[in-house]
Amino acid sequence: MDLGAGQTEAGEFTLLLEFDMDMAGFTSNWSYCDRLSTYFARMISHNRSDSLLYSNLFSSALNELLETVYRLHAPTGSFVCSVSRNGAKDRIALTIPVDTETEGFYRDAVVVLNGGDVSPRYHNALFSDGPLQPNIGLLELAVDYAACFSIEPADGNAIRLIAELTLEASAP
Amino acid sequence: MIAEKLVQTYKVSFDQNNQELALAGSMRPQRAAEMADCVKLLETSLASIRGTFYVNVKRLVRLNNVAFHSLAGALLKAAEERPDIKITIITSSVIGWSTKKFGTLTAKNPKIVVEEYDSEFYPGQAFLEEGGFVPVLRTQTKLTWKHERAILPRHGLEPGMTMADICCGIGDFAVLVAKEFSPSRIVALDHSKSSLAYARQVASEFDIGGIEYIYGDAAEMLLEDGQFDFVSCRHALQIFNKPEMIVNELVRICKPGGRVYVTNEKISQCLGEPRGPSIEWTYEQLSKLFADFDMDLEFGPKSYQALQRAGLEDLRIESFMVTNRDGDAQAFADMIMAWEEMFAGGMSEKRGDDAAFVEKFRRGFEDHIAAALHPGGYAGWPVWVASGRKPR
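From first to last, the protein sequence lines are chains A and B. Position 143 (the first sequence) corresponds to 143 in the UniProt record's numbering; numbering is contiguous. Position 241 (the second sequence) corresponds to 241 in the UniProt record's numbering; numbering is contiguous.
1) Which of the residues in the stretch 33–47 of chain A, read from start to end, lie with their CB under 8 Å from any CB of chain B?
2) Does residue 261 (chain B) come out as helix, strand or coil in the three-state DSSP assignment?
3) By the 10 Å Cβ neighbour count, where 16 or more other Cβ atoms means buried, how is residue 170 (chain A) classified, buried or exposed?
4) Tell me which same chain residues have a C-beta within less than 7 Å of the C-beta of residue 16 (chain A), skipping the five on either side of it?
5) Rounding to the nearest angstrom, what Cα-Cα distance links residue 167 (chain B) and residue 239 (chain B) in this structure?
6) Kindly indicate the opening and closing residues of the alpha helix (DSSP H) around residue 50 (chain A).
7) If contact is defined by three or more beta carbon pairs under 8 Å, each pair taking one atom from either stretch, is the stretch 86–98 of chain B in contact with the stretch 49–57 of chain A?
8) Spell out the partners DSSP gives residue 185 (chain B) in its beta bridges.
9) In whole angstroms, what is the alpha-carbon distance linking residue 157 (chain B) and residue 220 (chain B)?
10) So who's on the other strand from residue 202 (chain A), going by DSSP bridges?
11) Is residue 111 (chain B) closer than 7 Å to residue 77 (chain B) when the C-beta atoms are compared?
12) I need the straight-line Cα distance from residue 162 (chain B) to residue 225 (chain B), nearest angstrom please.
13) If contacts are defined as beta-carbon pairs under 8 Å, then residue 264 (chain B) and residue 303 (chain B) qualify, I think. What distance do you get, rounded to the angstrom?
14) Considering just the uninterrupted stretch of the beta strand (DSSP E) at residue 210 (chain B), what are its terminal residues?
15) DSSP three-state label for residue 7 (chain A), please.
16) Assuming residue 141 (chain B) and residue 181 (chain B) make a contact with CB atoms under 8 Å, what is their CB distance in whole Å?
17) Enumerate in chain order the residues of its own chain whose CB-to-CB distance from residue 358 (chain B) is below 7 Å, with the five nearest sequence positions on each side excluded.
18) Please classify residue 88 (chain B): does DSSP put it in a helix, a strand, or coil?
19) Expressed to the nearest angstrom, what Euclidean distance is found between the alpha-carbon atoms of residue 222 (chain B) and residue 374 (chain B)?
20) Considering only C-alpha positions, which residue in the set B:369, B:23, B:91 is nearest to residue 275 (chain B)?
21) How would you write the range of the alpha helix (DSSP H) that residue 304 (chain B) sits in, first residue to last?
22) Output needed for residue 12 (chain B): all residues of its chain with C-beta closer than 6 Å, excluding positions within five of it in sequence on either side, in chain order.
23) Compute the beta-carbon to beta-carbon distance between residue 218 (chain B) and residue 189 (chain B), rounded to the nearest angstrom, for a pair I have assumed lies under 8 Å.
24) Determine contact between the stretch 64–83 of chain B and the stretch 23–34 of chain B, defined as no fewer than three beta-carbon pairs at a distance below 8 Å.
25) Report buried or exposed for residue 191 (chain B), applying the criterion of at least 16 other Cβ atoms within 10 angstroms of its Cβ.
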């Protein structure tokens with residue numbers, strides 16, 4: 001696994017931190033979702049107005065994205081997670097190896113997330129019987145964190161799922 | 001590399017006396033089955049109570065949807081099957097996400113309510129945190145800093161250290177430390193949102209970067225163990241009714257080998273001449289007034305024992321006297337003037353003191369001001385400094 005930080009420009013966003021990892025390595029241990037989201041959150045929160053609060057919120061949001069990727073991906077390929085910043089907005093970009101089925105999941109999910117208020121879907125998913133719906137983390141980000149989602153093709157059999165978050169407004 | 005120690009689990013405990021289930025830590029399981037023990041404790045706890053069942057998630061820092069789904073299912077089931085009970089979930093705004101997340105349960109069943117416990121942190125101290133007191137706090141720090149900048153190195157503060165200033169108030173001490181000692185990291189925490197807003201504004205106006213102002217409860221901080229070389233807590237143990245809880249937290253976040261530094265007053269020892277007896281009487285009354293509001297302004301010399309009881313070693317204690325002869329008699333007088341308004345005005349009135357008492361009470365402050373500004377006068381405000389090293 002590589003962890004890097006730099007000043008590479010990503011449009012108007014400045015890259016803060018990026019890691020890439022073989023998907024088989026990432027999915028070998030569930031706790032990587034927790035550890036990576038916590039590590040990322042700590043590293044990028046120091047200069048927010050309340051670093052601890054921001055870190056808690058960011059970790060929660062990123063963890064849900066990582067857990068989604070952990071469950072839904074193609075078996076091989078490289079997984080890349082980067083965080084870039086533009087003022088109050090942070091952009092999480094996840095490059096996910098996909099097959100036809102998983103690509104369909106992410107594309108359908110983004111259509112739903114951008115199709116209007118998804119609060120009812122999220123609340124239904126939270127209290128549904130049986131196993132959790134696989135898109136619950138994405139719904140949570142859209143509802144509780146007002147995340148804006150987009151999706152674009154990436155090199156090889158991969159897609160790039162992008163979530164933009166403005167969490168500072170939540171700070172006390 | 002991601003260190004193994006970043007892995008965190010959660011703790012669940014049930015307090016029968018308070019009918020409270022407390023969840024703390026990080027709860028991010030992969031499968032619902034991993035929640036089985038927790039859900040079982042929740043169910044057996046619910047079966048043993050009557051009336052209100054409390055679920056304390058103030059220190060539940062992380063929770064994924066797998067865990068929430070399991071907890072929510074058990075709580076909703078109990079709320080539906082037990083018409084005799086009410087469920088109160090106690091969240092903390094410090095966590096950020098928890099009030100909203102658990103609030104979804106209320107929409108499903110109004111018998112489940114969510115209370116954000118820190119929405120009115122320490123209401124008894126509100127009068128110390130209102131906007132009008134800010135200039136006084138700034139003056140106090142200005143006056144004490146003349147002494148503390150020389151004292152701090154004797155208690156172990158060195159440039160480049162990682163430091164936390166707990167109960168930072170308006171954050172001016174953190175700014176002064178940042179300028180004088182250039183810490184590699186400085187975190188300043190307080191439970192007053194208005195004070196923190198002021199602190200951030202001052203830091204921004206003076207282009208002082210690098211101070212992390214954090215909102216939180218000093219008695220239950222979410223900062224992790226063993227992070228800081230130097231942990232300060234100034235003039236705060238004396239205004240909390242359970243100072244030992246805060247001291248334990250200061251020690252917890254301090255690195256082994258690092259030092260905890262506290263300052264406190266013994267307000268009855270304020271002095272002045274001329275008119276010493278009047279001044280002495282007023283400050284004895286001031287001490288009693290604070291005691292009536294569960295605050296111990298006599299804490300200064302007790303600091304040593306408080307640090308000793310918390311298991312610190314290499315204890316050091318000293319005192320200094322802020323006086324009108326330090327070079328700014330007017331600032332000293334301004335501070336006492338503000339105290340008079342705050343204490344003889346606001347607090348004494350709130351206690352219900354009669355006019356004769358208030359008049360005499362005020363006279364002592366006025367005599368203290370007069371002593372400070374008198375060409376031959378001497379006026380003092382003593383402060384105790386204590387520190388101790390956390391065992392390695």
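Cβ coordinates follow ideal geometry from the N, Cα and C atoms, glycine included.
From the atom records:
1) 33, 34, 35, 36, 38, 39, 46, 47
2) The residue you call residue 261 (chain B) lines up with position 261 of the second sequence. Note: residue 261 (chain B) maps to strand in three-state DSSP.
3) As a first step, residue 170 (chain A) is located in the first sequence; it is residue number 170 there, counting from the start. Because residue 170 (chain A) carries a pLDDT of 43, less than 50, the predicted location of this residue cannot be relied on, and no value is offered for it.
4) As a working mapping, residue 16 (chain A) is identified with position 16 in the first sequence. Taken in chain order, the residues that qualify are 5, 44, 83, 84, 85.
5) Walking along the second sequence from the start, residue 167 (chain B) turns up at place 167. Walking along the second sequence from the start, residue 239 (chain B) turns up at place 239. Roughly 11 Å separates the two Cα atoms.
6) In the first sequence, counting from the first residue as 1, residue 50 (chain A) sits at position 50. Unbroken run through residue 50 (chain A): none, as it is neither H nor E.
7) yes
8) As a first step, residue 185 (chain B) must be located in the second sequence, where it is residue number 185. In the DSSP assignment, the residues bridged to residue 185 (chain B) are B:162.
9) Start at 1 with the first residue of the second sequence, and residue 157 (chain B) comes out as number 157. Start at 1 with the first residue of the second sequence, and residue 220 (chain B) comes out as number 220. Between residue 157 (chain B) and residue 220 (chain B), the C-alpha separation is close to 25 Å.
10) Residue 202 (chain A) lies beyond the stretch modelled for chain A, which goes from 1 to 172, so this question has no answer here.
11) On the second sequence, position 77 is the one that residue 77 (chain B) refers to. On the second sequence, position 111 is the one that residue 111 (chain B) refers to. No, these two residues do not count as a Cβ contact at 7 Å.
12) Walking along the second sequence from the start, residue 162 (chain B) turns up at place 162. Walking along the second sequence from the start, residue 225 (chain B) turns up at place 225. Using only the alpha carbons, I get a separation of about 13 Å.
13) To locate residue 264 (chain B), count along the second sequence from 1; it is residue 264. To locate residue 303 (chain B), count along the second sequence from 1; it is residue 303. Between residue 303 (chain B) and residue 264 (chain B) the Cβ distance is about 5 Å, and since that is below 8 Å, they are a contact.
14) Translated into positions along the second sequence, residue 210 (chain B) becomes position 210. No beta strand (DSSP E) contains residue 210 (chain B), which DSSP labels as neither H nor E.
15) Taking the first sequence and counting its residues from 1, the one referred to as residue 7 (chain A) is at position 7. In this prediction, residue 7 (chain A) has a pLDDT of 45, which is less than 50 and means its spatial position is unreliable; what the coordinates show is noted afterwards. Residue 7 (chain A): coil per DSSP, three-state reduction.
16) Working through the second sequence from its first residue, we reach residue 141 (chain B) at position 141. Working through the second sequence from its first residue, we reach residue 181 (chain B) at position 181. About 15 Å; that fails the 8 Å criterion.
17) As a position in the second sequence, residue 358 (chain B) is number 358, starting the count at 1. Cβ within range, chain order: 344, 348.
18) Counted from its first residue, the second sequence places residue 88 (chain B) at position 88. Residue state, collapsed to three classes: strand.
19) For this step, residue 222 (chain B) is matched to residue 222 along the second sequence. For this step, residue 374 (chain B) is matched to residue 374 along the second sequence. Their backbone Cα atoms lie some 49 Å apart in a straight line.
20) Within the second sequence, the letter at position 275 stands for residue 275 (chain B). Closest by alpha carbon: B:369.
21) Working through the second sequence from its first residue, we reach residue 304 (chain B) at position 304. Here the alpha helix (DSSP H) through residue 304 (chain B) covers 303–309.
22) Against the second sequence, residue 12 (chain B) aligns to sequence position 12. The answer, listed in chain order, is 23, 38, 41.
23) The residue labelled residue 218 (chain B) in the question sits at position 218 within the second sequence. The residue labelled residue 189 (chain B) in the question sits at position 189 within the second sequence. Between residue 189 (chain B) and residue 218 (chain B) the Cβ distance is about 7 Å, and since that is below 8 Å, they are a contact.
24) yes
25) One-based indexing of the second sequence puts residue 191 (chain B) at position 191. Residue 191 (chain B) is buried by the Cβ-count criterion.
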